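Worksheet: one structure, shown below.
There are 2 protein chains.
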Amino acid sequence: MSATVTLAHVAREAGVSPSTVSRILNGTANVTPDKRARVEAVIRRLNFAPNVQAQALAAGRSFSVGVLTQDTSPYYGETLAGIERGLEGSPYHPLVVSGHWEAAREQEALDLLMRRRVDALIVLGGVIEDAALQAVAARVPLVAVGRDVSGLSERCVLVDNRAGIRLLVRHLTDLGHREIAFIGGPEVQQDALERRLAFEAALRECGLEPQAGLMRPGDYTEASGERAAEELCRSDLPFTALLCANDQMAFGARLTLYRLGIRVPQDISLTGFDDLFAARYATPPLTTVRQAIAELGQVAAEAVLRLLAGDHPQLPRYVPELIVRDSTGPAPLLSH
Amino acid sequence: MSATVTLAHVAREAGVSPSTVSRILNGTANVTPDKRARVEAVIRRLNFAPNVQAQALAAGRSFSVGVLTQDTSPYYGETLAGIERGLEGSPYHPLVVSGHWEAAREQEALDLLMRRRVDALIVLGGVIEDAALQAVAARVPLVAVGRDVSGLSERCVLVDNRAGIRLLVRHLTDLGHREIAFIGGPEVQQDALERRLAFEAALRECGLEPQAGLMRPGDYTEASGERAAEELCRSDLPFTALLCANDQMAFGARLTLYRLGIRVPQDISLTGFDDLFAARYATPPLTTVRQAIAELGQVAAEAVLRLLAGDHPQLPRYVPELIVRDSTGPAPLLSH
DNA sequence: CTGTTAGCGCGTTCAC
DNA sequence: GTGAACGCGCTAACAG
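As they're listed, the protein sequences go chains Y and W.
The numbers in UniProt numbering rise by one with no breaks, and the one at position 168 of the first sequence is 168.
The numbers in UniProt numbering rise by one with no breaks, and the one at position 242 of the second sequence is 242.
Written out as structure tokens, the structure is:
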């Protein structure tokens, strides 16, 4: 059990003071070339690696940015990948904790991150009150993704859910669909509510009236999409298109349609929202709205770095893009 | 900018010594009820949260376990979810870093984790030399998943790739398939090599001879499966089943088959390996081998906790299970 | 039971 | 340019 090498060991071995070693490590001041060479040699020989905890304690910064995520769905997986990429090259590293869409657990996660003295925070969604986020934002730079935190709007990376849903509805009505069913997300979440409202509004814009019987609640999971689609198909209300509030539910719905022998898109057109990586590999490939999730994560990370550097970064507004694939087609004559 | 509250503040405010506060925090020793009550009140009032860095430095343990993962594929996503679950309830938290399947970056990741003084390590796959892992294993408890590290075999959570592949091949031959194509993984990875060898062996067991023309290399990504399937279909060698070394490549291959108008399973039977969450939602649902990935992660995490507690946990051996879904069916008369 | 004294490993003044 | 001394916030002997 080789005892850990410390900066002091290096100093002694190199015949210099600890401060000198520290200076070389951080480039804090000039050091004679030969001394520097000597120290660097010792560092390599002893395989010295500075204790980050000690550095953090002494310098007052931990070089870690806390990330409050929610679950392990592909959605957050892709966002985290973006964050990792955004932090790459910087001395900062992400410390990820899940809140599981429960205010209490989100608060615990935030507490944990604060106790670990993260230098900054990235918040992905969540249902915790804005006040709690404002509180932590008062202590460290904070950027939120997919959620508009009151009082911190200029620190939020958002997509325009309204516009995205409208693109889908337009696309479907252009194809001749008039009876469009809808599976929504958990409305405790901002975006889920926005998408449902946007769906109803877009329908009206197209001269159609939302029908309660064609709208089912889901919770953004595949299983809920599967179930909701079942209910919709069992009811006798006819529809030729099924718009799901996110891709995962569309995947679930796809399974139900497959089981019932309903063809996509010949019998029913199917759409999602998010453009998860998997959407392209669905059968048939899923028509959806691109959120560029990974990019959102990366942008958030970069914004955090700027904040940490004392900047006041301008967060870009993201406009969703319609991605037409094979899961949508002309409306059939209503028959099933 | 409310200055951070320290243990010393609490002590002063409560009229006790810092040690007493520390004792109450850690339950290190008995304290008079009234003193304890007084201190706890102050803690709540001041909203005191101990600095984990300082605790780590003083106590010599950081309460974090490092996780070396590789990429952000669903495979690792599910494993990480399992690890998180396994650590839940314990005072330990995961610190995740990606190695991107490059020895150099994996080494960097390990260095980073050691500098952060993680108390233990969980290694997911990777291509770094065993020696490097043995080196870190000498400093902290280490558990590896999906990789057999020489000298640390009793610390490795493994699945029997041979057995899994054999289940698939048997399943296919039982269905009458004789011409089975194969898309393999990157053979720098242990499991990919094992699976390819197992495929050839299983074929022979069934009295069939592996045909080089029906075997294509992939890299475990959807895109590589897509491409490899294209090549296979363009070649004039007939086959009635396509066995992919993992689910993701099967998803990619599925897209190619869809594009070419080849029906699954009527024209070609398709199989994967891993049983990712998404396998059940493929169209048609994918026949595959269950690895219980999330469980593997959880088991690894629990093993690490036991090691940290001084135990010598016995890691269970995982036997893969064949999951028959709709992507496989009787072999058609060769025609396409 | 509880306060006092030392560090944990490093960064950072401050003088030299 | 460089070393000595001090402090970051907390835990752990050590006495009492």
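For glycine and all other residues, C-beta sits at the position ideal for the given N, C-alpha and C.
Bear in mind that the values here come from a model prediction, so they are computed numbers and not experimental data.
Chain-order list of residues whose beta-carbon lies under 8 Å from that of residue i (same chain, five-residue window excluded)
i       : result
W/ALA29 : ARG23
Y/ALA81 : ALA294, GLY297
Y/MET1  : With a pLDDT of 44 at Y/MET1, under the threshold of 50, the predicted position of this residue should be treated as unreliable, and no value is reported.
Interface flag, residue i vs chain Y, CB-CB below 8 Å
i        : result
W/GLU230 : no
W/PRO74  : yes
W/TYR220 : no
W/LEU95  : yes
W/ARG263 : no
W/ALA54  : yes
Chain-ordered chain Y contacts of residue i [CB-CB under 8 Å]
i        : result
W/ASN51  : LEU57, ARG115, ARG117
W/LEU255 : ARG280, TYR281, THR283, PRO285
Chain W residues whose Cβ lies nearer than 9 Å to that of residue i
i        : result
Y/ALA193 : In the sequence on display, residue 193 of chain Y carries Leu and not Ala. In chain order: nothing, as chain W lies at least about 25 Å away.
Y/GLY252 : TYR281
Continuous beta strand (DSSP E) stretch holding residue i: start and end
i                      : result
Y/ARG61                : From DSSP, Y/ARG61 is part of no beta strand (DSSP E); its letter is neither H nor E.
W/CYS244               : 241–244
W/SER269               : 269–271
W/PRO94                : 93–98
Y/PRO313               : Unbroken run through Y/PRO313: none, as it is neither H nor E.
Y/VAL264               : Where Y/VAL264 is concerned, there is no enclosing beta strand (DSSP E), given that its DSSP letter is neither H nor E.
Y/LEU322               : 321–323
W/VAL143               : 142–145
residue 389 of chain Y : There is no way to answer for residue 389 of chain Y, as the model of chain Y reaches only from 1 to 336.
Short CB-CB distance (under 8 Å) between residue i and chain W
i        : result
Y/ASP275 : no
Y/SER62  : yes
Y/LEU46  : no
Y/GLY310 : no
Y/HIS336 : Bear in mind that a pLDDT of 46 at Y/HIS336, under 50, signals an unreliable position, so the number given afterwards is only what the model happens to contain. By this cut-off, Y/HIS336 is not an interface position.
Y/ALA120 : no
Y/ALA278 : yes
Y/VAL140 : no
Residue i, enclosing alpha helix (DSSP H) - first and last residue
i        : result
Y/THR256 : 247–260
Y/ILE24  : 18–26
Y/ALA181 : No alpha helix (DSSP H) contains Y/ALA181, which is instead part of the beta strand (DSSP E) from 180–184.
Y/ALA202 : 190–205
W/ALA103 : 103–115
Y/ILE128 : Neither: Y/ILE128 is in no alpha helix (DSSP H) and is coded neither H nor E.
Y/THR79  : 74–87
Close-in-space but distant-in-sequence residues of the same chain around residue i (CB under 6 Å, 5 per side omitted)
i        : result
W/CYS206 : THR173
Y/HIS9   : none
Y/ALA241 : LEU172, HIS177, ILE180, SER269
Y/VAL140 : ALA120, LEU121
Y/VAL159 : GLN291, TYR318, PRO320
Y/PRO18  : LEU7, ALA8, ALA11
W/VAL145 : LEU124, VAL157, LEU296, ALA300
Neighbouring residues, chain Y, relative to residue i (Cβ below 7 Å)
i       : result
W/GLU84 : SER98
W/ALA81 : THR72
Residue i: contacting residues in chain Y (beta-carbon distance under 9 Å)
i        : result
W/TYR258 : THR283, PRO284, PRO285, ASP326
W/ASP247 : Chain Y residues near W/ASP247: none, gap ~11 Å exceeds 9 Å.
W/GLY89  : None at all; the shortest Cβ gap to chain Y is about 12 Å.
Under 8 Å by beta carbon: chain W residues contacting residue i
i        : result
Y/ASP111 : ALA49
Y/GLY77  : THR72, PRO74, GLY77
7 Å CB neighbourhood of residue i in its chain, flanking five on each side removed
i        : result
W/LEU112 : VAL97
W/GLN190 : ARG147, ASP148
Y/PRO332 : THR240, GLN266, ASP267
W/ALA137 : LEU152
Practice prompt. Could you tell me whether the stretch 218–235 of chain Y touches the stretch 254–269 of chain Y, where touching means 3 or more Cβ pairs closer than 8 Å?
Written response: yes
Worksheet item: Taking three-plus beta-carbon pairs below 8 Å as touching, is the stretch 58–75 of chain W in contact with the stretch 31–50 of chain W?
Response: no
Worksheet entry | Stretch-stretch touch, CB-based, cutoff 8 Å, three pairs: the stretch 213–227 of chain Y with the stretch 247–255 of chain Y | yes
Worksheet entry | the stretch 212–220 of chain Y touching the stretch 186–200 of chain Y, judged by at least three CB pairs closer than 8 Å | yes
Worksheet item: Do the stretch 97–112 of chain W and the stretch 312–331 of chain W touch if we need at least three Cβ pairs shorter than 8 Å?
Response: no
Worksheet item: Do three or more CB pairs link the stretch 35–49 of chain W to the stretch 46–64 of chain Y at distances below 8 Å?
Response: no
Worksheet item: With contact counted as at least three CB pairs below 8 Å, one residue from each stretch, are the stretch 273–293 of chain Y and the stretch 159–172 of chain Y in contact?
Response: yes
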